[in-house]
Structures are given as C-alpha cells and as structure tokens.
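Have a look at the structure below, then the notes.
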Amino acid sequence: MAGEMPFEMPLVEMRKKIDELKQFGQEKGIDFNDEITRLEERYRQMESEIYTQISPAQKMHLARHQQRPTSLDLISIVFSDFMELHGDRMYGDDLAIVGGIAKLDGHPVTIIGHQRGKDTKDNIARFFGSPHPEGFRKSMRLMKQAEKFGRPIITFIDTKGAYPGNTAEERGQSEAIARNLWEMAKLRVPVVCVVIGEGGSGGALALGVGNRVLMLENAIYSAISPNGAASILWKDASKADQAAEAMKITAEDLLRMEVIEDIVPEPRGGAHKDYEETGEAIKKHLLVHLRELSQMSAEALIEDRYQKFRKIGEFTEQAMGTLPASRSEVNIEDQPQEELQSDVEPILGNEEEKVATKSSRSKRHS
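The sequence shown maps to residues 1 to 366 in UniProt numbering.
Encoded structure:
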C-alpha cells in the first residue's frame, strides 16, 4: 500500500499482519483460516470506524493527497472526445488551467478545470495548480465560446488559490478574477462546478459561480486556505489543522449552510483509491443536475444563479429578551404596584447610590 495518511496506519499494520499470516501458513502448510477470518472481520470494523469519523483536518490532507485524481484524470473518465484548447488570445497559455470541448453521455459540453502536477517537474510547469491571469482569461474565453454555441459548462475546482507572485499581479490578477465572477454570473447556459480537491480563495471562486456547486466527499472549499487563516489568526501556519477544524470547510458543513447543492461520494479511503469509481460517481451526479438545468430558459438560469449566491450568508436573530419601554411609553396607572416597583427600583437605586456616594465624599473633604 502506498500514500497512506497517518490516521490510516492502524489499517496498514493490520493488513500487514494478515498478509504475513497468510504467507506463513502457505510456507509451513498450516491452516490459519479461522485466525485470518477473525482478523479480516476486525479489519473491516476498524476500517468502518476510521473512515466514518474523518475530521476536517484529515479531510484537508486527503484533499491535498499527492495521488488524488486531477482534472485531466477525471476528464478522461467522465467525458469522451475531449479536445483541449489553449491560450487566452492576449498573453499566453497557462498550464494551471486546462479546458476544452468534450461530450458527456453523447452531449457536447465545455469543461474547464484547475490542473496540478503529478511530480515536481510537472508541478513547477503548472505552478502547483495556481493560475496566472491568463489562465482565468483562457477559462472565460472558453465560457463565452460555450455560451455562443449553447453548450453547458462544467468546471473542476482544485487549487490552493491564484498564483500570488509579482508576475501575476503585474498582469492583472485581481481584475481577471473579478471579471470571471462578473461574467460567470451572466452566462446564459447551465454552469455546474465540482470541487474535486482543495478549493481555496479567489483562485477557486473564479471558476465557482455556477447554478450548482458539487463537492467530492473529502474535498474542502474555503475563502482562504487553512494555512493562510492560521498565519493570520495565530501567526503560525503550522496550526492549519486547528484552523481547518474551525472554518467549516467540509462538504457536510457547506451543504448544511447551502453553499453547495450536492455531495459526490468517494471510494472508501479517498478518491485516490479508485479513479474509475470516483469518475463514475461524478458523471452520475452531473447528469442529474444538467438534466434539471437543461429545462430552464436562459433568463431562468441567470436568475437561479443569482438567487443561489444571494441567499448565502442569510441568518436569523433570536431576541435574548425584551428591552424595557421608555418612561414616556409607560402608563403608570395601568401597571400593578408590584411591577411598577420592580421597574423603578433599579433606576432609583442607582440614583440613590450616586447621591449617597457624592454626599460622603463632600463630608470627607469638608
């Protein structure tokens, strides 16, 4: 087994013992079937306990797993006839964002996604999945093309955030992100966004203005990375796990707060355990939501998108108590003597204390 997380080590040790016992039995010709059966049962119980109680910090590490499927990995499974398109027609081609035309169950769609590298060399070429402005402008070019030809748009979100270097700022990073938010809100075709790994900061939001936002079960989605939040709150980025626990960044939290609309299940242990199963689950959920959105007019899609984001952050206040009415609003004659006394005692008491204190001070000075 490779790429296990620290919380999975008890399972690794148990599996190692089972394999050793099987090998020893074969070599010595001893029947250990009963013992192996008991260990296998214990392994399944432990597996269930571990994977049903994954903490937000553990999910953060799963979302960042080096072997987690990337946009290109999933595109090859979910879609057919994918043709990648390059360049923003203004500056260049940003490899941190991939996009093009494909077919989903035989229907043409435009697919755009963040792309991390598979190794150090690839990560450097793709800026670790953190786009420059030309990447966002490339994505918007493809979205406008999709709108022109009436193709639904699907985005895969998987980035720690937009590239923070001088080169990105010099080429208009903030404007490129803001332009994407503005233009995506007005697109006249269905837009479905899927958070497949880590959705962080403006780099994620620039591909996240959709009619429906879905998340893989162990993905995370936040306005700032847990590391960045820890650096601000505690001046210590190593407290990212603590920040992740407090930030409500998991799919369950965001579904409850209506930031997203659906959670796509992952194979037990994470998406990196089975790319095919993960891709098929995404495809199934995409078809359900696109089937619903395809029945809506262009105007209805825009309004639906507006209402989705308009309601995020709504809350209600519950009064802790009723403030006493002002003296001018109180009809003393209508109040029982006991209620009147309880109302005025705190006020009179305070005034009497002030007078008494002032009098005692005067006497001392005299």
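Cβ atoms here follow ideal geometry from the backbone N, Cα and C, with glycine treated the same way.
| query | result |
| --- | --- |
| In angstroms, rounded to a whole number, what distance separates the CA positions of Asp122 and Met14? | 35 angstroms |
| When you compare only the Cα positions, how much space is there between Gly129 and Glu280? | 23 angstroms |
| Take Ile112 as the anchor and find which of Phe79, Tyr91, Asp105 and Met90 has the nearest alpha-carbon. | Phe79 |
| Could you give the DSSP three-state label for Leu214: helix, strand or coil? | strand |
| Say whether the region 181-188 touches the region 295-312, bearing in mind that this needs 3 or more beta-carbon pairs closer than 8 angstroms, one atom from each stretch. | yes |
| How big is the Cα-Cα spacing for Ile332 and Gln318? | Its pLDDT being 43, under 50, Ile332 is placed unreliably in this model, and the coordinates cannot settle the point. |
| Of all the options Ser231, Phe309 and Ser238, which has the alpha carbon lying nearest to the alpha carbon of Glu261? | Phe309 |
| Quick one: residues in its chain with C-beta nearer than 6 angstroms to the C-beta of Leu95, no 5 flanking neighbours on either side, listed in chain order? | Ala125 and Arg126 |
| Which partner residues does Ala102 have in the DSSP bridge list? | Val109 |
| Cα separation between Pro346 and Asp236? | Model confidence at Pro346 stands at a pLDDT of 47, short of 50, so the residue's coordinates are unreliable; what they give is reported in the following sentence. Rounded to whole angstroms, Pro346 to Asp236 spans 48 angstroms at the Cα level. |
| Does the Cβ of Phe156 have 16 or more other Cβ atoms within 10 Å, making it buried, or fewer, making it exposed? | buried |
| Starting from the Cα of Leu286, find the closest Cα among His272, Gly269, Pro265 and Ser297 and give me that residue. | Pro265 |
| Strictly by DSSP, which residues pair up with Thr155? | Ile112 and Cys193 |
| Gly197 and Ala63 look like a contact to me (Cβ under 8 angstroms); what is the Cβ gap, rounded to whole Å? | 5 angstroms |
| Return the CA-CA distance between Ala168 and Ala162, expressed in angstroms with no decimal places. | 9 angstroms |
| Could you check which residue in Glu314, Glu299 and Gly269 has the C-alpha nearest to that of residue 367? | Residue 367 lies beyond the residue range present for the chain, which begins at 1 and ends at 366; the question has no answer from this structure. |
| Can you tell me whether Asp93 is helix, strand or coil according to DSSP? | coil |
| List the whole-angstrom C-beta distance separating Met90 from Ile101, where the pair is believed to meet the contact cut-off of C-beta under 8 angstroms. | Rounded, the Cβ-Cβ distance is 20 angstroms, inconsistent with contact. |
| Give the DSSP bridge partners of Val264, in chain order. | Leu216 |
| Would you kindly work out how many angstroms separate the C-alpha atoms of Gly87 and Ala271, rounded to a whole number? | 30 angstroms |
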